[in-house]
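What follows is one structure encoded as structure tokens, with my remarks underneath.
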Amino acid sequence: MISFTRPVLVAALTVAAFAAPAALAGQAPEQAVAPLPDGKVAVVNTDVFPEKIAELKEKYDQIESQYKSRFDVIQKLAEEAKAIGDKLSSSTDLTLDATRQLQTQYEDLQRRGTREETDLHDEVTRALDTATRPIQEKLKNFMSAYAREHGIVAVFNLVPAADSGLFAFWNPGTDITDDFVAAYNKANPAAGARTGTAPKPGDSPSGRP
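See the structure below:
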């Protein structure tokens, strides 16, 4: 079932900020390479961004509210299918016809639920991508500026790096997540915080339909 646990669409937010600029990536091998800059290495946990970055959280809340009725339908289908499944597995006095009828109902509910869930997942994914893409670009640019300001020469996305085995060790003191989130939220308050009211689902940033 879809659980609206904040799908992590921002896991790769900072990849472009950490990669070599295109000009350097395509430079000729014989070109002189500048001395490596002195600076710090840091990690950031972008998995928390949908909950802690105010602008992102606002968008996720809007999408969740927009699609809640569809999610409730899927939940209801799942509950009905479970009730029939439990009856099929626990009842000992069902006739063959009754068993076949319940089995047909169960399979129909399963098909409908799967179809609804797939459609909803696709729609939510597209809606989130559209709603959060401008914020993701702002986050990438803000990360570049933040790194320069703090003398950071490399930032690793913590969870993917740890899961891939990239880190043999990392010092918790290198985690800039909380400080970065606080700095970004201060510079980029959510629309609801700027106006004093939370925008309703479907509202455009400009206030126009």
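Quick note: the sequence shown uses the numbering used here, first residue 6, plus one each step. Virtual Cβ for every residue (Gly too), placed ideally from N, Cα, C. None of the values given here were measured: they were computed from a predicted structure.
- Buried or exposed by the 16-neighbour rule on C-beta atoms within 10 Å, applied to A86: A86 should be labelled buried.
- Message: Taking only three categories from DSSP, how would you classify F76?
- Response: If DSSP states are grouped into helix, strand and coil, F76 belongs with the helices.
- Query: In this structure, what does DSSP give as the bridge partners for N162?
  - Reply: As a beta-bridge residue in DSSP terms, N162 pairs with V49.
- Which residues does DSSP pair with D180 in a beta bridge? Beta bridge pairing from DSSP links D180 with V48.
- Assuming E69 contacts K62 under a Cβ cut-off of 8 Å, what Cβ separation, rounded to an integer in Å, is found between them? Contact doesn't hold; Cβ gap of about 10 Å is too wide.
- Does DSSP put P140 in a helix, in a strand, or in coil? For the sequence presented, residue 140 should be read as Ile rather than Pro. Shown here, I140 sits in a helix according to DSSP, grouped into three states.
- Message: Do R117 and L218 have their beta-carbon atoms positioned less than 7 Å apart in this structure?
- Response: Beyond the ends of the chain as shown, which are 6 and 214, falls residue 218; an answer cannot be given.
- Query: Should the region 149 to 159 be called in touch with the region 102 to 121, which here means at least 3 C-beta pairs below 8 Å?
  - Reply: Short answer: they don't touch.
- Message: Check for me: the alpha helix (DSSP H) holding D43 runs from which residue to which?
- Response: Looking at the DSSP string, D43 is not in any alpha helix (DSSP H), and its letter there is neither H nor E.
- Task: Could you have a look at I58 and say whether DSSP puts it in helix, strand or coil?
- Result: Looking at I58 - three-state DSSP - the assignment turns out to be coil, as it is neither helix nor strand.
- Select from E84, F174, A136 and Y189 the residue whose C-alpha is nearest the C-alpha of F147. For F147, the nearest C-alpha among the options comes from Y189.
- Task: Could you tell me which of S74, A192 and A195 sits nearest to L125, measuring between CA atoms?
- Result: It is S74 whose Cα lies nearest to the Cα of L125.
- Message: Would you say A196 lies against chain C (beta-carbon separation less than 7 Å)?
- Response: No chain C appears in the structure shown, which is made up of a single protein chain.
- Item | Where L29 falls: helix, strand or coil (DSSP) | Low local confidence applies: a pLDDT of 29 at L29 is under 50, so the model's placement there is unreliable, and no value is given.
- Item | Counterpart residues of I89 in DSSP-defined beta bridges | Its beta-bridge partners do not exist; DSSP assigns none.
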